[in-house]
Ligand SMILES: *Cc1c(COP(=O)(O)O)cnc(C)c1O
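In this note's numbering, the protein residues as written are 17 to 445.
Spelled out as structure tokens, the structure:
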């Protein structure tokens, strides 16, 4: 299988998956997609484990790559936590993607990528550089922490991550260094881009990308859609609809790929917050980046969604697809209402991102809700957003045990002015 940039229209510069994973974005600024979408997957084994599903679904993407034979080991190592579905009512289930070590779905992509890169060999040490607005940095740090041959550098915006997220970004030590950038998330992203563009620096540090446009983070997210669809759709009933909280639209793109690969998936609804770029793209067919606005679902505060170029290409290449994919915008007031209602009706606390998907379900017509099973995707543990939730539901939320242990560790970070010269000076020591 070869990989082409979304901007390489003549398909002239294909690369193997190992190159696509090490580079992140393609050199022309586009995003990598496989030359074909595999459709003929192996038959599932009876009582297939999650790691076995992952191997079956991902093997075609690694065809002819040395990592293909290692997928059983990689998927066992990366996905060593539960991926449960919980039932809300007759027609709605929630796919809980927050049982990994940092309690958000970013663990799936970060852990799989780390397990792959570790085995894709390099005699030189590599440096994983990421900008984060919250959950990505913690997941990437956790996935690469203590892995020989890797250093991790995290850039996060000062004063703009939640207290718990800040702890998660700064508690690792050893091969992980965290920089509190005196600027915005956009400044952090710009510094990362400049570092990759600086050939001498990139070469001397062995810079490696782990951001959410990396195909190595996208592919593992396809697996949980197969896993959920096969559990929810029984005996030839209607395909399941999915409601996917969306910001940079990586998670929703993975859902679309799963559908194209033949998973029993019907309509896909991207639930966004008040940031309008994605809903507007679906309404008008035009992609126009905007400055992001701050909302209760902060991990989705994205004005220029990185993965949209990939989603746009998939929709353009598969014309029947666009009828079954749509986006809705959910306001902070609606998020807060949904959180209160779920607590009042079932004693469930859901994070603000998950609440956008639950709201999107409520907002559908009765007919649409009843005609098939639906799955709302839960992207983070509610305890990560206690400062939003606790005033709304009037009770404390228990953190998962994995986060409790993170809190026993000492924290450390370095402050950094948002300038390339300062980052370079800090990295070259
Ligand atoms: C990253 C994130 C999202 C958005 O996912 P995308 O793949 O960027 O659309 C939603 N919820 C949480 C909790 C996240 O961390």
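Every residue, glycine too, gets a C-beta built ideally from N, C-alpha and C.
All of these numbers come straight from a predicted model, not from anything done at the bench.
- Relative to ligand 1, residue 151 has its C-beta within less than 6 Å of a heavy atom.
- For residue 376 and residue 438, the gap between their C-alpha atoms comes out near 44 Å.
- Per DSSP, reduced to three states, the secondary structure at residue 387 is coil, with no helix or strand assignment.
- Distances from the CA of residue 345 to each of 287, 60 and 326 were compared; the closest alpha carbon is that of 287.
- Put simply, of 302, 56, 237 and 19 the residue whose alpha carbon is nearest the alpha carbon of residue 121 is 237.
- Residue 277 has its CB no nearer than 6 Å to any heavy atom of ligand 1.
- With contacts defined by Cβ atoms closer than 7 Å, residue 332 and residue 309 do not form a contacting pair.
- Comparing alpha carbon positions, the residue from 398, 360 and 65 closest to residue 370 is 398.
- Taking the Cβ of residue 17 as the reference point, every heavy atom of ligand 1 lies at 6 Å or farther away.
- Within the same chain, and ignoring the five residues on either side of residue 199 in sequence, the residues whose Cβ sits closer than 7 Å to its Cβ are 173 and 434.
- By the neighbour-count definition (other C-beta atoms within 10 Å, threshold 16), residue 152 is a buried residue.
- Rounded to the nearest whole angstrom, the C-alpha separation of residue 444 and residue 139 is 20 Å.
- Each residue's CA atom was taken as its position, placing residue 221 and residue 168 some 11 Å apart.
- With a cutoff of 6 Å, residue 397 does not count as near ligand 1, since its C-beta is closer than that to no heavy atom of the ligand.
- Contact annotation: residue 177 and residue 150 have beta-carbon atoms nearer than 7 Å.
- Between residue 93 and residue 59, the alpha-carbon positions lie close to 23 Å from each other.
- The criterion of a C-beta distance shorter than 7 Å is not satisfied by residue 208 and residue 159.
- The criterion of a C-beta distance shorter than 7 Å is satisfied by residue 119 and residue 400.
- For residue 265, the Cβ falls inside the 6 Å cut-off from some heavy atom of ligand 1.
- In the structure shown, residue 143 falls within a strand segment according to DSSP collapsed to helix, strand and coil.
- Taking C-beta atoms under 8 Å as the contact rule, residue 263 and residue 321 qualify, at a distance of about 7 Å.
- A heavy atom of ligand 1 is found nearer than 6 Å to the CB of residue 262.
- Using a Cβ distance threshold of 7 Å, residue 234 and residue 53 do not count as a contacting pair.
- Beta-bridge partners of residue 160 (DSSP): none assigned.
- In this structure, DSSP gives residue 413 a state outside helix and strand, which the three-state scheme calls coil.
- Annotation for residue 315 indicates a beta carbon within 6 Å of some heavy atom of ligand 1.
- Per DSSP, residue 338 is not a residue of any alpha helix (DSSP H), being assigned neither H nor E.
- Beyond the five residues adjoining it in sequence on each side, residue 416 comes within less than 7 Å, by CB distance, of 119, 397 and 399 in the same chain, given in chain order.
- For residue 437, the enclosing alpha helix (DSSP H) covers residues 436 to 444.
- Taking all protein chains shown into account, residue 423 has fewer than 16 neighbouring C-beta atoms within 10 Å of its C-beta and is therefore exposed.
- A distance below 7 Å separates the beta carbons of residue 46 and residue 23.
- With a cutoff of 6 Å, residue 364 does not count as near ligand 1, since its C-beta is closer than that to no heavy atom of the ligand.
- In terms of CA proximity to residue 196, 204 leads the group 189, 204 and 190.
- In this structure, DSSP gives residue 54 a state outside helix and strand, which the three-state scheme calls coil.
- Within the region 238 to 302, complete beta strand (DSSP E) segments of at least 3 residues are found at 256 to 261 and 281 to 288, given in chain order.
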